[in-house]
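Okay, so here's the structure we're looking at.
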């Protein structure tokens, strides 16, 4: 068994097989850890959001498939993009609260996402598969996602990478400012992930 540390908590055991790969799959080509502040909300009028993003950099529009695996209180997903073999393995720690929240994300680039998915599905139950079209913008130093999620609807998400401990308060204030700019109501703030919403029916 291997151990994973939850945010601010004790080490917990996890199946060692999570980190194994078949001989024909090379080691991940890149990995990173990021501390973020983020906010997610329902946002049915994506046309309005695009108008408010006038002048922002439109980085990409992609169709993503996120496969979430059951891992107790911990969170693990494999992200792939339609038409691409490569993907990302993502482990993250995040509280289930609405509004601006902090998260820690560990990313590993995967050269062969289908092979890794097959391995993980043999050792961990698949919790949910989330299919979405994501428009990615860069706006005032924040990454903005406009998501159309199959079976759930339309959403907006803000993510800001924290440069350090001193950046936390400024990051939170910036996301609250964006929330006001996009006129996001309290009732539209999301506490749960897309996978939790799909799993709950």
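In my numbering, the protein residues as written are -5 to 195.
Using N, Cα and C, we set each Cβ at its ideal position, and we do this for glycine too.
Note that the structure is a prediction, hence the values are computed from the model and not measured.
- Residue 188 is positioned such that its CB atom lies closer than 8 Å to that of residue 124.
- A residue is called buried once 16 or more other Cβ atoms fall within 10 Å of its Cβ, and residue 175, having fewer, is exposed.
- Look at residue 79 here: in three-state DSSP terms it is coil, with no helix or strand label.
- A check of alpha carbon separations from residue 27 across 157, 138, 190 and 129 identifies 157 as the nearest.
- Residue burial is scored here from C-beta neighbours: residue 171 has fewer than 16 other C-beta atoms within 10 angstroms and is therefore classed as exposed.
- The stretch 118 to 134 and the stretch 84 to 104 do not touch, with fewer than three beta-carbon pairs separated by less than 8 Å.
- Boundaries of the beta strand (DSSP E) harbouring residue 143: 136 to 143, taken from the DSSP string.
- When DSSP states are grouped into helix, strand and coil, residue 168 belongs to the helix group.
- In the DSSP annotation of this structure, residue 158 is not part of any beta strand (DSSP E), being labelled neither H nor E.
- Its chain contains 152 and 154 as the residues whose beta carbon lies nearer than 6 Å to that of residue 136, once the 5 sequence neighbours on both sides are disregarded; these appear in chain order.
- In the DSSP assignment, residue 60 falls outside any alpha helix (DSSP H) and within the unbroken beta strand (DSSP E) covering 51 to 65.
- Taking C-beta separations shorter than 7 Å and ignoring five residues to either side along the sequence, the partners of residue 173 in its chain run 33, following chain order.
- In this structure, DSSP gives residue 192 a helical state, which the three-state scheme calls helix.
- When 139, 93 and 71 are compared, the shortest CA-CA separation from residue 54 is found for 139.
- Assigned with DSSP and collapsed to three states, residue 39 falls in coil, not helix or strand.
- Around the beta carbon of residue 99, 16 or more other beta carbons lie within 10 angstroms, which makes this residue buried.
- In the DSSP assignment, residue 115 falls within the alpha helix (DSSP H) that extends over 107 to 117.
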